[in-house]
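Mapped onto the working numbering, the consecutive letters of the sequence shown carry residue numbers 608 to 1018.
Even for Gly, the Cβ is constructed at its ideal location relative to N, Cα and C.
Bear in mind that the values here come from a model prediction, so they are computed numbers and not experimental data.
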Amino acid sequence: MDHPWPGREDHGDVIDDQQRERGNAQPVEAVMPPGALKTMVRFTHPPRYRRSSLTNWLAGASMRRTTLFCMALAIGAAFAPAQAQRTITTDTPPAGRFDAASAPPAPDYDGPANWASLPWIRDDGDMTPQGVAEPPQLKAPVDVFFIHSPVPLRRAVWNADTTDVWFNGDVGQTTIRNHASAFNGCCAIYAPRYRQMNRAGDDSAARELAYSDVARAFAVFRARVGDRPFILAGHGEGARIGQMLIERVIDGQPVAGRMVAAYLVGTPVTRDWLAARRGIAACSSATDTGCVVSWVSRSEGSKRLRQRPPILCSNPISWTTGPEASPRSAHRGAWMRNGAEFPEALRAPDAGQVSARCDRDGVLRVSDPGGAYAELAGPDGSFAALDIPLFWMDLRQNAVDRVAAFLAARR
């Protein structure tokens, strides 16, 4: 398959930092007022294509049109009303019954437009805290396929439209910036845009539509990276779709041997579901590979969840699954960045912020994080918005450690 993406014989041969400085990368950076929808994109014109001169010219023209389009979006966002520049926090419930015929058009993953994060584009997946170096993703030995969690939808629809500028902006400045970015220390990030299901309308057909996008994106991703190792990661509904991908595409197939780990965070991964897998089990240590990591976090004082089958709890401080509590002193650091509770200015990670333990139901019980983090807790004690940000540095280091263990075992 010949994708209109930067051509290369191997993964580490597209655009390095020196090539960017020589002008092979064309930056478009928009400076916004505080809280504005920010899009910082660096479009990369690759050093070579294995295509005709006419095709190259058309590709370049398409890229230039995309650049001008994003510049227009940036200008529009800068002058948008202040109340529209904040990410909304509640969904607009879908109208009527789900109808596949009225669904938004399916995204095309053969080009960069329908990817929220790519290794050679400067985007929210490249974010790092103050004092944490940003590794060059193009030199990473492993890739991560990241499935973003749902963001609130502004319209009464069952599934998101991946051409919606506001939707894409919300995805970037929330889940890509605060979740996917944790993996840029180990991996090259590939995060598809997809027609996510409206959180206010739980419908199996709407979920299947979202899954169909992710499955197609994963096929393009696999064709792109070949036999390179990868991490599968997702949060919330994105993690649920990750489970479906494991069930239908990965488990028991040769591709499973290239999976470093699956981080399925913020969704209940039952022990029964794990037992039904042919070759994928729960990770029980910080360096297990080919396995699943999962946690659903709640405050220490909140009520028990309603009765359900036992679920997997991976303590993101110790990376064990037992009931032993991990103290604050072992916590590497929380971090997130948004325009509300946390300012746009880069901040250092907040180490020693929380302790954590797995309770008998498989729920991760987290101590009061205090400050702005505590303000993001749900009224029922849920830390769904903080599943990853509270353990951002812990997750970042663990991904590095698992990748190292996986690569060492292959030598």
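Can you tell me whether residue 854 is helix, strand or coil according to DSSP?
helix
Is it buried or exposed, residue 675, if we count other Cβ atoms within 10 angstroms and call 16 or more buried?
A caution first: residue 675 carries a pLDDT of 38, below 50, which makes its placement in the model too unreliable to give a value.
Check this for me: beta carbons of residue 732 and residue 787, under 7 Å apart or not?
yes
Give the single residue among 811, 912 and 842 whose Cα lies nearest to the Cα of residue 704.
811
Provide the residue(s) that pair with residue 722 in DSSP beta bridges, ordered along the chain.
799
Does any C-beta atom of chain D lie closer than 7 Å to the C-beta of residue 966?
In the displayed structure, chain D is absent; only one protein chain is listed.
Measuring only the C-alpha atoms, how far is residue 754 from residue 768?
16 Å
With a CB to CB cut of under 6 Å and the five nearest residues on each side skipped, what residues in its chain are close to residue 851?
818
Less than 7 Å between the C-beta atoms of residue 866 and residue 939, yes or no?
no
Inspect the beta-carbon positions of residue 723 and residue 800 and report whether they are closer than 7 Å.
yes
Between 795, 814 and 822, which lies nearest to residue 832 when the distance is taken from Cα to Cα?
795
For residue 728, name the three-state secondary structure that DSSP assigns.
coil
Helix, strand or coil at residue 804 [DSSP, three-state]
strand
Same chain, Cβ closer than 6 Å to residue 989, five either side skipped, listed in chain order
905
So, with DSSP's three-state summary, where would you put residue 1004?
helix
Within 7 Å, strictly: CB atoms of residue 887 and residue 969
no
Which residue spans inside the region 858 to 902 form an unbroken beta strand (DSSP E) run of at least 3?
866 to 872 and 898 to 900
May I ask which residues mark the beginning and end of the alpha helix (DSSP H) holding residue 821?
811 to 832
What number of angstroms, rounded off, separates the C-alpha of residue 873 from the C-alpha of residue 782?
12 Å
With H, G and I counted as helix, E and B as strand and the rest as coil, what does DSSP make of residue 848?
helix
Nearest CA to the CA of residue 894: which residue from 765, 945 and 927?
927
Expressed to the nearest angstrom, what Euclidean distance is found between the alpha-carbon atoms of residue 930 and residue 962?
13 Å
Beta-carbon proximity check, residue 871 vs residue 899, cutoff 7 Å:
yes
Rounded to whole angstroms, what's the CA-CA distance from residue 842 to residue 707? Just pull it up for me.
25 Å
How would you label residue 770, buried or exposed, when you count the other beta carbons within 10 angstroms and need 16 or more for buried?
exposed
What residue from 987, 934, 965 and 716 has the CA that sits closest to residue 909's CA?
987
Output the distance between the C-alpha atoms of residue 823 and residue 716, rounded to the nearest integer angstrom.
8 Å
Go ahead and label residue 809 buried or exposed: buried means 16 or more other beta carbons lie within 10 angstroms of its beta carbon, across all protein chains shown.
exposed
Kindly indicate which residue of 965, 748, 916 and 776 has the alpha-carbon position closest to the one of residue 721.
776
Spatial neighbours of residue 936 within its chain, please: C-beta separation below 7 Å, excluding the five flanking residues on both sides.
959
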